[in-house]
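Residue numbers (the numbering used here): 109 to 402.
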């Protein structure tokens, strides 16, 4: 096999902010951790660890390329541990109900509104006017964050730590030794203010039934491939072949690549679905690419 797949689980040790377009004075937060953010966090940590050993400035570009060549990350989704099992929550759009969240390994499902209520909290903030040392007019805002603990459905208490579960595909098994050294990461936005600290609590190789989020995977291709009717990452919509009869929500994504801006792409958000199963490959930054098997 060309690739090896491993499952990792991370515990939130502080609130996590994964930004998305704001709504007025509210900085909204995604309910999942994109693979691109994990790619950057792993690159930064490996570069810093190597720089400290050799007393040199971290070479982020070098390690970014190495991570891109040897690793493919899935998105990480909220999970909770019950009875020794990790139960992952993943989204799916439904024609009459919009986006719902389903507990894999359990029978529970929640609307997007109820799931956000169970998982998110908000932090108020404002800019300070230097001339008066008071709140600057018009700058009051709130920032949504994923809580380090679950709030139960009725809002009456805490039900345990919030976990994030995802998968890593490795082309070079020797690269696993470098990932083994990483036990703590800072991801997302506002990490300088203490947000986004996650600690690894699970790390194992997937064997036997080769599946990712319950979907069959193929590891003997140029890129890892997943057979699924639901995309659990941003799926690029403008490639060949085009994605036909997709349902869900579109989002325009842009960003930076090693200091250079790259053109925004129209994508389908996680949870978008087809009426039939197709093959998807995962690229260097975790985006899902439709594969034409015709």
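We treat Cβ as the ideally placed atom computed from N, Cα and C, and that holds for glycine. Everything numeric in this text was worked out from a predicted model, so none of it was measured.
| Check | Outcome |
| --- | --- |
| Nearest-angstrom Cα separation, counted from residue 379 out to residue 183 | 12 Å |
| Segments of 4+ residues assigned as alpha helix (DSSP H) that fall wholly inside the segment 346-396 | none |
| Entirely enclosed beta strand (DSSP E) segments - the segment 120-194, minimum 3 residues | 179-181 and 185-190 |
| Spatial distance of residue 112 from residue 281 (CA atoms) | 7 Å |
| Inter-residue spacing [alpha-carbon to alpha-carbon] between residue 172 and residue 206 | 37 Å |
| Beta-carbon proximity of residue 96 to residue 252, cut-off 8 Å | Absent from the structure is residue 96, since the part of the chain shown begins at 109 and ends at 402. |
| Neighbour-count burial assignment, residue 215, 16 or more Cβ in a 10 Å radius | exposed |
| Opening and closing residue of the alpha helix (DSSP H) in which residue 300 lies | Counting along the chain, residue 300 falls outside any alpha helix (DSSP H), and DSSP gives it neither H nor E. |
| When 318, 233 and 217 are compared against residue 226, the one with the closest alpha-carbon | 217 |
| Straight-line Cα distance separating residue 382 from residue 203 | 11 Å |
| Cβ-Cβ distance between residue 341 and residue 396 below 8 Å | yes |
| Span of the alpha helix (DSSP H) around residue 321 | Unbroken run through residue 321: none, as it is neither H nor E. |
| Integer Cβ distance of residue 189 from residue 268, believed to fall under 8 Å | 7 Å |
| Contact check, residue 337 vs residue 384, beta carbons under 8 Å | yes |
| Boundaries of the beta strand (DSSP E) in which residue 272 is found, first to last residue | 271-278 |
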